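Reviewing the structure listed below.
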Amino acid sequence: MLSEKRIWIVGIVLALVLLAQTASASPVLHAVKWKQKGVYETTTVVMNVPYTVELYIYSDEPTTVTVEVVQDLVNWPDKVLARQTVQLVKGMNTVEIPFTCSGHVTADKFGEKPADLKNTRGVFVKVSDVYETSDVTTRLSTGTEVRLADFWFVSLKTEVTHNGQTTTYDAKDYAPVYSYDDVRCWGYIPENGNPVDWGPAIYFEFVIQNPEHPEWNAWEYADAQGFFEHSQTAPDWAAEDVCGERGVFYHITAYDEEGFVLAYDYYRASYMCAPTASITITSVIGYSIAAIGAVALLIGAIRLFK
């Protein structure tokens with residue numbers, strides 16, 4: 014039998030082994046806050062709106078970890094929205110990471126892959142590989158993951174008619190739009206990937222807020238399939254002093270029946286202006302303009318001193 018002294022020695026060794034294992038444990042994520050426009054905690058992430066996730070990570074020792082903000086897709090590889098390498102100190106660490114969840118990651122065209130639209134569950138954070146195997150129920154219950162809004166824009170398109178020819182662009186592309194072109198903006202706003210039986214209100218806010226042209230802003234309503242559209246004749250970009258620039262053509266915001274915001278997005282454009290015609294005279298009957306100007310100046314001087 015082991016003596017009492019030997020038992021104590023074995024116990025001390027086991028305790029030291031357990032202590033060493035505890036000291037080398039992975040960093041622990043203690044709390045998460047999701048910020049958006051002054052709201053410091055949220056349980057829902059709206060598409061195409063800037064957010065900041067704030068993490069509290071406890072580490073037993075100084076170490077370097079990778080923190081990722083990830084969009085949770087059921088049957089597809091998760092989409093990394095933001096990644097940051099963080100040097101942790103011993104004790105509690107606060108980490109902030111900005112990110113935006115795009116509404117164009119689940120389907121290119123509405124109706125082609127309806128199952129894809131249901132694959133998006135939410136957005137979660139992970140520290141290195143600590144949360145790689147965590148199930149979604151655990152992440153939701155601990156606040157590591159927040160669900161996405163039920164509504165988001167898909168298949169946003171810009172149709173531009175220039176000189177009688179119509180071309181279709183993705184809304185995220187900078188569609189070339191000349192002054193007075195006819196522009197049609199359209200898209201879908203499904204609920205969890207399914208058509209809705211009521212029409213959310215879509216507010217189109219023009220990029221240039223000219224108070225003399227309130228008609229540039231407009232309200233439209235989605236139909237029972239979630240489809241909406243708005244047509245607008247492009248203004249005179251030269252008069253707005255934006256020729257050759259690129260930016261947003263329309264901001265769009267979807268509202269429910271009670272006036273709550275469902276989703277945000279935008280249509281981009283390149284503000285194109287036709288080149289201005291100019292005529293330059295270089296010679297008259299074989300004489301250069303410089304020579305004619307010199308003769309005229311000489312004649313004027315003679316007349317002046319007569």
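Using the working numbering, the letters of the sequence shown map in sequence onto residues 14 to 319.
Where is the CB? At the ideal position from N, CA and C, for every residue including glycine.
Computed from a prediction, not measured in an experiment: that's the story for all the values here.
query                                                                                                                                        : result
Give me the DSSP bridge partner(s) of T157.                                                                                                  : DSSP lists no partner for T157.
Going by DSSP, what residue range makes up the beta strand (DSSP E) through E233?                                                            : A231 to Y234
Where do the ends of the beta strand (DSSP E) carrying A282 lie?                                                                             : V274 to M285
Below 8 Å on the Cβ atoms is my contact criterion, and I expect I215 with Y191 to pass it. Report the Cβ-Cβ distance as a whole number of Å. : About 25 Å separates the two Cβ atoms, so there is no contact after all.
In three-state terms, what does DSSP make of W211?                                                                                           : coil
Please check the pair V13 and V173, which I expect to be a contact at CB under 8 Å, by giving their CB distance rounded to whole angstroms.  : There is no way to answer for residue 13, as the model of the chain reaches only from 14 to 319.
Using the beta-carbon count (16 or more within 10 Å), is L169 buried or exposed?                                                             : buried
Under a three-way DSSP split, which group does T98 fall into?                                                                                : strand
Spatial neighbours of Q245 within its chain, please: C-beta separation below 6 Å, excluding the five flanking residues on both sides.        : V196
Based on DSSP bridge pairs, tell me the residues matched to F112.                                                                            : Y64
For T56, does the three-state DSSP call read helix, strand or coil?                                                                          : coil
Compute the Euclidean distance between the alpha carbons of V11 and Y263, then round it to the nearest angstrom.                             : Residue 11 lies beyond the stretch modelled for the chain, which goes from 14 to 319, so this question has no answer here.
What does G135 pair with, by DSSP beta-bridge criteria?                                                                                      : D85 and R160
Express the C-alpha separation of H175 and V58 in angstroms, rounding to a whole number.                                                     : 38 Å
Mapping DSSP to helix, strand and coil, what is W165?                                                                                        : coil
Compute the distance between the beta-carbons of F166 and A276, then report whether it is under 7 Å.                                         : yes
Relative to the C-alpha of A247, which candidate in D236, A267 and Y193 has its C-alpha closest?                                             : Y193
Could you have a look at E74 and say whether DSSP puts it in helix, strand or coil?                                                          : coil
In the DSSP assignment, the alpha helix (DSSP H) including A251 goes from what residue to what residue?                                      : W250 to E253
In this structure, how does DSSP classify A36 when only helix, strand and coil are distinguished?                                            : Its pLDDT being 41, under 50, A36 is placed unreliably in this model, and the value from its coordinates should be taken loosely. Here A36 sits in helix by DSSP.
Name the two residues that bound the continuous beta strand (DSSP E) containing I265.                                                        : R259 to Y268
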